[in-house]
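Chemist:
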Amino acid sequence: MGAVYHGPMSRTTNTHAAYQFHRAALQPLLKDTRFELSKSLVSKDGESEFLTFLLQQGLAPMWDKALETAEPCGFSNHFLATLHQARLLATGAYLIQRNRMNDIRTILDGEHMAHAVYKGAAVREKIYSEPALRPAADIDVLIHEDDKIKVVEAFQNSGYVFYGEAKSISHEANLVKGKSSIDLHWDIMRPGRTRVSIVKWLLEEREDCGDFWSFNTEGALMVMLMHPVFTKYSTTPQASLVRILDLVGLLEQTQPDWKKLYAWLERSGMQTAAWITLRWLNLLTGESIAEPVQSSLKPGRAKTKYLNYWLENNFSTRYLDKPAIVKAGFTLPAHDSVGDAVKAVVTARRLARQADNDLKSLQKTAG
21 MGAVYHGPMS
31 RTTNTHAAYQ
41 FHRAALQPLL
51 KDTRFELSKS
61 LVSKDGESEF
71 LTFLLQQGLA
81 PMWDKALETA
91 EPCGFSNHFL
101 ATLHQARLLA
111 TGAYLIQRNR
121 MNDIRTILDG
131 EHMAHAVYKG
141 AAVREKIYSE
151 PALRPAADID
161 VLIHEDDKIK
171 VVEAFQNSGY
181 VFYGEAKSIS
191 HEANLVKGKS
201 SIDLHWDIMR
211 PGRTRVSIVK
221 WLLEEREDCG
231 DFWSFNTEGA
241 LMVMLMHPVF
251 TKYSTTPQAS
261 LVRILDLVGL
271 LEQTQPDWKK
281 LYAWLERSGM
291 QTAAWITLRW
301 LNLLTGESIA
311 EPVQSSLKPG
321 RAKTKYLNYW
331 LENNFSTRYL
341 DKPAIVKAGF
351 TLPAHDSVGD
361 AVKAVVTARR
371 LARQADNDLK
381 SLQKTAG
């Protein structure tokens, strides 16, 4: 993919201007299938830029589906044809990934190793009537760290190829076969981000979905709320708006055990991160979805004001090419306490020093 398109941004706190493309992209999918408002919001900035935005945000296939029953809205034939092509490509990728999910269960159940598919590949099966419309770059699978060598060996014996990078070997690696990739995790994020490890909780309460294992509702929701804050900086193009649709769908179609979720977020130091994601959702949709939950997770007044200002101005995207600024200005304050932030920094430095050795060790052991 070429240069990432950030969409129009404002140098003021005018969130309508800062997130114009975001709202135009989400409005028909969240509210109804009337596209006139979306067309009016993007007309002055150009249809081509908006089309690029939809493709990068993972929304093009859903737009194509929704436009099947919509009144004419003024978009060009090229715009509509590109959406349809994206839908066809997403469907093809989905069929391959669905087959790989069967592989995952067969291989890992055969080795008696607890695991769960999560994020997009799992969530789309639960909340979308047509899962193929929800693209997923790869299939994310969580395992226990103690099982990682056996897991890698099991997949290699089934024709998968192991790939790892020093920068992420502390918590993940890739297993590739043909045109699909499995993103194997033994932690949701880099160790040290959460106050305590949450892997045990998530795997102990996983659910059997027939062809695959996945997180229960609380586990899926917890990851949706905290993961994009630290790994995608919430508002950047890499975060992808399709995750907002995932979140809305899960909140609307399930009844989470909020007491359990609160306990998990508090113990892991992730309440502030969860609030950030719910606030981001509110800024984009104008809806106070899960308002009681959002209020209970809200940090202190000063931190709330600061983080809200960061979100409203989309500083994460503005400074995306200066990651040190984003980390200092956003992800560290996203921790619940100063102690949690300090632990994250110290752990990151320690893991960076040993990353090359950890990668070589896993490659040698699993090779």
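Just so you know, we're using our numbering here: the sequence shown kicks off at 21 and counts up by one. We put the beta carbon where it would ideally sit given N, CA and C, even for glycine. From a predicted model like this one, the values you see are computed outputs, not experimental measurements.
With distances taken Cα to Cα, identify the nearest neighbour of Lys197 among Met209, Tyr180 and Thr351.
Modeler: For Lys197, the nearest C-alpha among the options comes from Tyr180.
Chemist: Can you check DSSP and say which residues form a bridge with Trp233?
Modeler: For Trp233, which the question treats as bridged, DSSP gives the partners Asp228.
Chemist: Label Arg321 either buried or exposed according to how many other C-beta atoms from any shown protein chain fall within 10 Å of its C-beta, with 16 as the threshold for buried.
Modeler: Under this definition Arg321 is an exposed residue.
Chemist: By the three-class DSSP mapping on this structure, what secondary structure does Glu145 have?
Modeler: In the structure shown, Glu145 sits in a helix (DSSP, three-state: H, G or I).
Chemist: Let me make sure I understand the geometry here. Which of Asp266, Thr324, Gln273 and Ala113 has the alpha-carbon closest to that of Ala293?
Modeler: The shortest Cα separation from Ala293 among Asp266, Thr324, Gln273 and Ala113 belongs to Thr324.
Chemist: Among the residues of its own chain, which have a CB less than 8 angstroms from the CB of His36, if the five just before and after it don't count?
Modeler: A caution first: His36 carries a pLDDT of 48, below 50, which makes its placement in the model too unreliable to give a value.
Chemist: What residues in its chain sit with their C-beta under 7 angstroms from that of Thr305, if we drop five residues either side in the sequence?
Modeler: So the qualifying residues of the chain are Leu46 and Leu50.
Chemist: Out of Ala354, Val262 and Asp203, which one is the CA nearest neighbour of Lys168?
Modeler: Checking every option, the nearest Cα to that of Lys168 belongs to Asp203.
Chemist: My output table needs one value for Val216: the three-state DSSP class, helix, strand or coil.
Modeler: The answer is coil: DSSP assigns Val216 none of H, G, I, E or B.
Chemist: Bridge partners for Ile163 per DSSP, in chain order?
Modeler: According to DSSP, which records beta bridges pairwise, Ile163 is partnered with His135.
Chemist: Spatial neighbours of Asn122 within its chain, please: C-beta separation below 8 angstroms, excluding the five flanking residues on both sides.
Modeler: Closer than 8 angstroms at Cβ, skipping near neighbours: Asp231 and Phe232.
Chemist: To the nearest angstrom, report how far apart Gln314 and Asn177 are at their CA atoms.
Modeler: Those two C-alpha atoms are separated by around 46 angstroms.
Chemist: My understanding is that His164 touches Ala134, with C-beta atoms under 8 angstroms, so please give their C-beta distance in whole angstroms.
Modeler: Right, their Cβ atoms sit about 6 angstroms apart.
Chemist: Does the pairing of the region 247-254 with the region 341-351 give three or more beta-carbon distances under 8 angstroms?
Modeler: The region 247-254 is in contact with the region 341-351.
Chemist: Once DSSP output is grouped into helix, strand and coil, what is the label at Tyr282?
Modeler: Looking at Tyr282 - three-state DSSP - the assignment turns out to be helix.
Chemist: Would you call the CB atoms of Glu224 and Lys280 closer than 8 angstroms?
Modeler: It is not a contact, given that the beta carbons lie outside the stated cut-off.
Chemist: Does DSSP put Tyr326 in a helix, in a strand, or in coil?
Modeler: Reduced to three states, the DSSP call for Tyr326 is helix.
Chemist: Taking His355 as the reference, which of Lys342, Leu317, Arg373 and Thr337 has the closest Cα?
Modeler: Among Lys342, Leu317, Arg373 and Thr337, the Cα nearest to that of His355 belongs to Leu317.
Chemist: Closer than 8 angstroms by C-beta to Asp266: which residues in its own chain qualify, once you throw out the five before and the five after it? Chain order, please.
Modeler: Answer for Asp266: Gly140, Val143, Arg144, Ile147, Arg154 and Met244, listed in chain order.
Chemist: Once the 5 residues before and after Ser201 are set aside, which same chain residues still bring their CB inside 6 angstroms of it?
Modeler: Here the set comprises Asp158 and Asn194.
Chemist: Indicate the three-state DSSP secondary structure (helix, strand or coil) for Glu182 in the structure shown.
Modeler: The sequence given here places Phe at residue 182; Glu does not occur at that position. Here Phe182 sits in strand by DSSP.
Chemist: Taking the continuous alpha helix (DSSP H) assigned at Ile202, which residues delimit it?
Modeler: Counting along the chain, Ile202 falls outside any alpha helix (DSSP H), though it belongs to the beta strand (DSSP E) covering Ser200 to His205.
Chemist: Can you look up Glu91 in the DSSP assignment and give me helix, strand or coil?
Modeler: In the structure shown, Glu91 sits in coil (DSSP, three-state: anything other than H, G, I, E or B).
Chemist: Is there at least one non-hydrogen atom of the ligand PLP closer than 7 angstroms to the beta-carbon of Thr351?
Modeler: In the structure shown, the ligand PLP is absent, as is every other ligand, since no ligand is present at all.
Chemist: I'd like the span of the alpha helix (DSSP H) that includes Lys168, first residue to last.
Modeler: Start and end: Lys168 to Gln176.
Chemist: Which residue or residues does DSSP assign as beta-bridge partners of Val196?
Modeler: DSSP output for Val196 lists Val181 and Ser201 as bridge partner(s).
Chemist: Closest to Gln77 by C-alpha separation, out of Ala372, Gln383, Glu332 and Arg263, would be which residue?
Modeler: Out of Ala372, Gln383, Glu332 and Arg263, Arg263 has the C-alpha closest to the C-alpha of Gln77.
Chemist: Measuring only the C-alpha atoms, how far is Thr32 from Gly359?
Modeler: Because the pLDDT at Thr32 is just 37, under 50, the model does not fix this residue reliably, and the point stays unresolved.
Chemist: In angstroms with no decimal places, state the Cα-to-Cα distance between Leu406 and Ser357.
Modeler: The first residue shown for the chain is 21 and the last is 387, placing residue 406 beyond what the model contains.
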